[in-house]
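Heads up, the thing below is written out as structure tokens.
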Amino acid sequence: MDIREFAKSVKTGVEKEVDLQKLRYQISCKKREIEALFADAGRTAAGAVAEGGDLYEALKAPLAAVSDAQSELAALEKELSRLLGRKCCPACGTWLEKDERFCHSCGKKMPQDEKEDA
Ligand SMILES: [Zn+2]
């Protein structure tokens, strides 16, 4: 292998590792953020009940924030799975390791890449 190609492949590997660490960090931060948002929603709900207010109205904004954070978390986890070379079950959406031949959730057989079969 050409030394420049080698250096490039090492660099790509390192960059991927950095991306993975960054994503894992973002995912753990996002999980803590969601817990904090749930705690906020709980306090808001308790306050609304204590004041005899409308619980649904009081929880609308906090729960929308939770829902936003959850979709951000899902996007981060999807990106992490993609970087790890995982694949998504077309039947149920469960993330599978790249060498899994059957979905461990619904049992669907995974289509194999032709180059892997050869
Ligand atoms: Zn499945």
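My numbering puts the first residue of the sequence shown at 33, with every later residue one more than the last. No residue lacks a Cβ here, since even glycine has one placed at the ideal position from N, Cα and C. Bear in mind that the values here come from a model prediction, so they are computed numbers and not experimental data.
- Inclusion of Leu128 and Leu55 in the CB contact set at 9 Å is not warranted, their separation being larger than that value.
- In this structure Leu69 is buried. Its beta-carbon is surrounded by 16 or more other beta-carbon atoms within 10 angstroms.
- Annotation: the continuous alpha helix (DSSP H) that includes Ser60 extends over Ile35 to Ala82.
- For Lys130, the shortest C-beta to heavy atom distance toward ligand 1 is 8 Å or greater.
- In chain order, Ala90, Leu91 and Pro94 place their CB closer than 7 Å to the CB of Thr76, counting only its own chain and leaving out the 5 sequence neighbours on each side.
- Annotation: the continuous alpha helix (DSSP H) that includes Ala96 extends over Leu87 to Leu115.
- Restricting attention to Leu116, Ser137 and Ser41, the CA atom closest to the CA of Cys124 is found in Ser137.
- Using a 10 angstroms sphere on the CB of Leu108, the tally of other CB atoms reaches 16 or more, which defines it as buried.
- DSSP places Lys140 outside both helix and strand once states are collapsed to three, so it counts as coil.
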